[in-house]
Amino acid sequence: MTKSQSSASTTQTNTRHSGSTWVVRLKPEREVEIKQLKRKLNSYAQLPYDWDGEGSQTPSRQAIDDALKFLTHIPSGLPLPYPEAGPDGDVGVYWDNQKAKTFVHVLFEGDGHFAYIANVKHTQTDSEENYGGEALSVDDPWPSDLVKVLLHN
1036 MTKSQSSAST
1046 TQTNTRHSGS
1056 TWVVRLKPER
1066 EVEIKQLKRK
1076 LNSYAQLPYD
1086 WDGEGSQTPS
1096 RQAIDDALKF
1106 LTHIPSGLPL
1116 PYPEAGPDGD
1126 VGVYWDNQKA
1136 KTFVHVLFEG
1146 DGHFAYIANV
1156 KHTQTDSEEN
1166 YGGEALSVDD
1176 PWPSDLVKVL
1186 LHN
């Protein structure tokens, strides 16, 4: 059994080989954080019409399910995102690391796909990098540039 450590909140995982399958057990704190994130996303289905006072729609069940499916593919070692409900029935998750000058937003509209934007500011060179993609399947692995940005987050 080996122990690895995630930069995502120093989450430890226990990994062992069982026949031809690797079994990964998350540290209990990480499991709790994932359950809380899923619970929050699922709660958006209960938001009433006009929940923001500006005519917003209740997030669609499909948008919520797409976000949940996307999160099942989260690579180990990445921090968990913050969830958000959008005014048009969409759902999003985001990472905002002001210390690293990194912002990432992923949007789910309920069609089995997602779009994302990532912005990294470099204060030493006064420059920034932008990444993005759209119409990406929630069934596919995460784009490598998205993972790269979040690993350096």
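With positions in the sequence shown counted from 1, the corresponding number in our numbering is that position plus 1035.
For every residue, glycine included, the Cβ atom is placed at its ideal position computed from N, Cα and C.
Cβ neighbour criterion (16 or more within 10 Å) applied to Glu1144
buried
Among Pro1118, Tyr1166, Asn1154 and Asp1123, whose alpha-carbon lies nearest the alpha-carbon of Asn1132?
Sorting Pro1118, Tyr1166, Asn1154 and Asp1123 by C-alpha distance to the C-alpha of Asn1132 places Asn1154 at the top.
Please state the DSSP three-state secondary structure of Ser1044.
In this predicted model, Ser1044 has a pLDDT of only 38, less than 50, meaning its place in the structure is not dependable enough to derive any value.
For Gly1189, which residues in the same chain have their Cβ closer than 7 Å to its Cβ, ignoring the five residues on either side in sequence?
Missing from the structure shown is residue 1189; the chain here goes from 1036 to 1188 and no further.
Pick from Glu1068, Lys1136, Val1128 and Ile1109 that is closest to Asp1174, judged by C-alpha positions
Answer by Cα proximity: Ile1109.
Counting C-beta neighbours from all protein chains within 10 Å, is the total for Arg1074 16 or more, i.e. buried, or is it exposed?
Counting every other CB atom within 10 Å of its CB across the protein chains shown gives Arg1074 a total below 16, marking it as exposed.
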